[in-house]
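Here the structure comes first, spelled out in structure tokens, and everything after it is commentary.
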Amino acid sequence: MIPNQFSYVRAESIDEAIRLLHESNGEGKLLAGGHSLIPLMKFRLTTPSTLIDIGHLSELRGVRKAENRLVIGALTTHREVHSHPLVQEHLPVLAKAAGQIGDLQVRNRGTIGGNLAHADPAADLPAVALALDAMLEIQGEDGAEIASVDGFFLGPLVTALPDTSILTSVSFLIPPAHAKSTYLKYAHPASGYAVVGVCAIAAKDPDGAVEFIRIAINGVADVAYHCVAVEQKLQGQLPTEETIREAALLAAEDGEIGSDHFASEEYRRHLCSVYTERALRDLLL
Amino acid sequence: MAGMIGSPVKRKEDPRLITGNGYFTDDIKLPGMLYGTFLRSPHAHAVIKRIDASKARAFPGVAAVFTAAELADKMKAVPAMWFLPGCELKPKDRPALAADKVRYVGETIAFVVAKDRYVAKDALDLIEVDYEVLSAAVQQEQAMQEGAPQLFDDVPGNLALLWKAGEIPDEVFEQAEVVIKERFYNQRVVPNPMETRAAVAQYNPGGGEMTIWCTSQNPHIHRMIYADVLGIPESKLRIIAPDVGGGFGSKIATYSEEAVVACAARELKCPVKWVEERKEHFQATTHGRDEVIEVELAGKTDGTLTALRVKNTANLGAYLSTFGAGCPTIDFGLMVTGAYKIPQAAVVTYGVYTNTTPTDAYRGAGKPEATYQIERAIDLFADKIGMDPVEVRRINFVPKEAFPYGNAMGVTYDSGDYHLTLDKALEMLDYQALREEQEELRAQGRLVGIGFSTYVELCGFGPSAVAGAIGFQGGVWENSTVRVHPSGKVTVFTGTSPHGQGTATSFSQVVAEKLGIPIEDIELVHSDTQSVSMGWGTYGSRATAVGGAAVSIAADRVVEKAKKIAAHELETTVEEIDFTAGIFRVKGDPDRQRTFQEIAKSANFAWNLPPGVEPSLEGQSFFDPANFVYPFGTHICVVEVDAQTGEVFLMRYIAVDDVGRVINPLLAEGQVHGGIAQGVGQALWEGAVYDENGQLLSGTFMDYTMPKARFFPMIESAFTETLSPVNPLGAKGVGETGTTAAPPAVVNAVMDALKPFGVKNLDMPLTPQKVWRAIQNGREKQ
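Chains A and B are the protein sequences, given in the same order. Residues are numbered in the working numbering as their position in the first sequence, beginning at 1, plus a constant of 1. Residues are numbered in the working numbering as their position in the second sequence, beginning at 1, plus a constant of 1404.
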């Protein structure tokens, strides 16, 4: 539980942080809330030569509305996300999921950008980001670019974020005003991480048919995934107990479901269906 | 102060601890102190071909690197201290550091000492070790099989011990009206106290004195063992256990690490500190349980139980730990019949070496395993004859009139009234109403279950003659001195070694009651071999029943002497002195009086003592109890199982415990709550999981589920008081009731919930996946 030797630098700006990342030749790591990175360092599972502290950069913090999206600074803490009036009004599912991360101490320190960039497949935000069509603002040596979260997660703790770039903000699509949403999580009793976490957003048209549906799942697979099969099955359908149950049976179709001594692949597949069914019943019945 | 015994006094220890003013081993900082860290084996079973520590030794800031070669003539291996007679025991000591072979993941290979723990840890990575990896024997039944990997050349079949008690011919079971045969696995658990192990050692090269501060439940046992291991006379070896953050049995054991730390301090002539990391704790500190228990229970269709035959195949791990041989044999075997008058019983225990962390006492040590098998078997029996499990228990309870009661395994239960706790618990539950509700809910597809555990346990280890007869290499008496200072303030010395129990509060209550002084006037001194003459420590729920009894007797002796002085000053006889609430009064002339404080001053100043009375005011007791004590009770658990996911939710938990005299109901209830949490933890979540190569898969808190407050409903706790005749307090023991009673209560409840699916038995922990699969299997069969 003692990390390797490393040096620590406090970056005074985003540009300086990018420069320091460049100078570290891929050996540097950005330090935001530190609640995922520091434990890994203590286990010596990651051994950065330099920690580049960006935790105090206030320009990376805050929530604002931009047309049909909410833009959230990467260093906004889980607690701020959970309790922010704009998030609660427009993205209640994000507020709900952020409120389920770790415990209060973790939520006070952990950040939305750190969570996504760390790419723990059992974290709670990847599914929400996928379901809300998140766009990531990434600043690098050649300026800023916008990337979709779809395709960002490459594997456990691996993302498409270049070594010398910083995730500066995340924007989430505000669903239709009459949509309902939920994040249902089966937490591992040891760690509190999601064994399965289902984010579902749905809206019905005036005739009661499903006109908007987004579902994504984290926890069960190496990367969070978008449940396309379930969405296709329900789109345009009149939701009944039967149609929901049948659609939910497809919840594991789009993921590479994993296995460990706590939960086998078979059991995880089953949990995907149960939790998806429960989420959809909450939203559509 | 009258009424102190039985009063819910708040813990004296708390203000200091909760304001961050505790003083734990890791808080100790000595001038010139160096820090050590251990290189541990990544393999469960391997031959060490070569160790090269030259790069680590050359690393800046490193003071020394010790391997087995450097310690060969400096210290001995660390022996166990329970050598059961008549069981072909083959004790294998813990090596100082592994020399030619490693036998479990986490076994120590080298010790790096450096100027700080960061340097030590970096240097550790520079040690090169070549291994020839061998296949591992992990599970005990497999380790006994022909062709299994052998840990030691001279222990064929890895069989460390074979213990037999009683014999029942097969005909008894063949001819019985009803027989239950079942295999229960009591899984391996990791103790995980909040404070991991730690040691600081300081050596005085001039006089040869060694002081070791370490996390110990029994510093005098540590002194006895380490004196021999280190070759330092007990008179020059001082062991201090400062604040200790829990133990659950794991800090009874003597380990090699603490001795290596001391050895390094002696070699380097500098204080050395080592603090176990949590990840090390998972691998290196003794584990608990890990016993495969096969039960045959015979009885009649009228509910009467007639015979019990039990086979325990216990995983002892890679070496024989301190109490390792006793837990699955004596502690387990003598209590297999539980609270029931089963006329015949027999036990055989196989103790097996495997390539896993050594096992030893864990909160309850053998009694929870004994309770689990009989409480589970009795439910299966009730199910088979179609009788309510409560009724079967009632029919077979040892009746109140039968105490002292000799059970079929030869031990004598001191006192008991088993119907009393059962009746009270049923009343708290409203049993009949709940059974009706359960039926209604079942009809709606909801799975509610009610589980019972009517346990009795063996606590308060004693007398010493019995310890000798069963091969325990020590005494089990306890010692106390109650010293009254001239001001009337009191210091109490005890051989008990509290590490979270609140003993400073409860023992002070006993003394306050006896001496009639405020509890604030009393300080408890413990856990320092130089301050306390002797002691056998805190384990086996013996603190109050044995240590507390010694305190009580020592306080009585203070009063006895003080009365003589008071009588002398008041010019009367001792018989004419009445001592109440801290005042000595002449009977019939209450104005003639002396306060306790006045007599304290008189005794210490010694200006005017009666003839034949020596100065000072001190009472001392070396109390060796006449028997063990046998607390008992009824726990009832109500669960609801999510039929879709297999998750188990606790709805209610009722505990009616009879621990004899309750000294402090607040502390007692705290012990009950903590014990239940830990027992439910074993039933539902905890478990050290090894793969077939001996790698510990559940080796961090990310994988190993500790019980958490949010998993629990409010525990409904109550006590009845059936006093023990074996000590002057009438007290029994409360610390292990929860871990003993809870696992079968919870599992019985879940099995009751799963009855519609025909599920008879699942092994702990009842993880959601396991329960879900059982439901699936049951559905398929229907």
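For every residue, glycine included, the Cβ atom is placed at its ideal position computed from N, Cα and C.
- Counting only residues of its own chain and dropping the five nearest sequence neighbours on each side, His179 of chain A has a CB closer than 7 Å to the CB of Ala204.
- Rounded to whole angstroms, the separation of the alpha carbons of Lys1965 of chain B and Val1894 of chain B is 15 Å.
- At a cut-off of 3 residues, the continuous stretches assigned as beta strand (DSSP E) that sit fully inside the stretch 1910-1940 of chain B are 1926-1929.
- Beta-bridge annotation (DSSP): Ala203 of chain A is paired with A:Lys181, A:Ile214.
- Under a criterion of Cβ atoms nearer than 8 Å, the residues of chain B adjacent to His262 of chain A are, in order, Val2093, Leu2101, Ser2102, Asp2107.
- At a cut-off of 8 Å between C-beta atoms, Lys1433 of chain B does not count as an interface residue with respect to chain A.
- Proximity of the stretch 1578-1588 of chain B to the stretch 1825-1842 of chain B falls short of the contact definition, fewer than three beta-carbon pairs being nearer than 8 Å.
- Contacts with chain A (Cβ-Cβ distance below 7 Å) from the stretch 1495-1528 of chain B involve Arg1521, Tyr1522, Lys1525, Asp1526, listed in chain order.
- If you check each beta-carbon in the stretch 1924-1954 of chain B against every beta-carbon of chain A, none falls closer than 8 Å.
- For the stretch 2031-2063 of chain B, the set of residues with a beta-carbon nearer than 7 Å to any beta-carbon of chain A comprises Gln2048, Thr2049, in chain order.
- For Val221 of chain A, there are no neighbours in chain B by C-beta distance under 7 Å, as the nearest C-beta there is about 13 Å away.
- Of the residues assessed, Trp1940 of chain B falls on the buried side of the cut-off, its CB having 16 or more other CB atoms within 10 angstroms.
- Under a criterion of Cβ atoms nearer than 8 Å, the residues of chain A adjacent to Gln2173 of chain B are, in order, Phe263, Ala264, Ser265, Tyr268.
- Straight through space, the alpha carbons of Phe1686 of chain B and Arg1961 of chain B are spaced by roughly 46 Å.
- Secondary structure at Phe263 of chain A: coil, using DSSP grouped into helix, strand and coil.
- Scanning B:Phe1785, B:Ala2146, B:Gln1546 for the CA closest to the CA of Ala2059 of chain B turns up B:Ala2146.
- The beta carbon of Leu1928 of chain B sits closer than 6 Å to the beta carbons of Val1896, Ala1908, Phe1911 from its chain, once the five residues preceding and following it are set aside; these are given in chain order.
- Counting only the Cα atoms, Lys1918 of chain B lies some 13 Å from Gly1892 of chain B.
- Relative to Gly1853 of chain B, the option among B:Gly2137, B:Ala2149, B:Phe2026 whose CA is nearest is B:Ala2149.
- For His1624 of chain B and Pro1495 of chain B, the gap between their C-alpha atoms comes out near 22 Å.
- Of the candidates B:Pro1553, B:Gly2050, B:Glu2184, B:Pro1553 places its Cα closest to the Cα of Gly1561 of chain B.
- Taken atom to atom, the span from the alpha-carbon of Lys30 of chain A to that of Ile39 of chain A is near 11 Å.
- Within a 10 Å sphere around the beta-carbon of Arg1592 of chain B sit 16 or more other beta-carbons, which makes this residue buried.
- Relative to the Cα of His1930 of chain B, the nearest Cα in the group B:Asn1883, B:Ala1829, B:His1889, B:Val1888 belongs to B:Asn1883.
- Within the same chain, Arg1989, Lys1991 come within 6 Å of Asp1982 of chain B by CB-CB distance, once the 5 residues on both sides are set aside.
- Glu232 of chain A is classed as buried because its beta carbon has at least 16 other beta carbons within 10 Å across all chains shown.
- Comparing alpha-carbon positions, the option among A:Leu281, A:Gly115, A:Thr183, A:Asp261 lying closest to Ala98 of chain A turns out to be A:Thr183.
- For Lys1683 of chain B, the chain A residues whose Cβ falls inside 8 Å of its Cβ are Met2, Phe44, in order along the chain.
- If you draw a straight line from the Cα of Gly27 of chain A to the Cα of Ile19 of chain A, it comes to about 11 Å.
- Per DSSP, reduced to three states, the secondary structure at Thr244 of chain A is helical.
- For the stretch 2064-2095 of chain B, the set of residues with a beta-carbon nearer than 7 Å to any beta-carbon of chain A comprises Trp2089, Val2093, in chain order.
- For Ser1620 of chain B and Phe1865 of chain B, the gap between their C-alpha atoms comes out near 18 Å.
- Counting C-beta atoms within 10 angstroms of its own C-beta, Asn1425 of chain B has fewer than 16 neighbours from the protein chains shown and is therefore classed as exposed.
- Nearest neighbour of Leu1738 of chain B by Cα position, chosen from B:Tyr1943, B:Lys1715, B:Pro2019, turns out to be B:Lys1715.
- Identification of residues in the stretch 191-213 of chain A having a C-beta nearer than 8 Å to some C-beta of chain B yields Ala191, Ser192, Tyr194, given in sequence order.
- Taking a cut-off of 8 Å on C-beta distances, the stretch 1862-1879 of chain B touches the stretch 1937-1956 of chain B, as three or more cross pairs fall below it.
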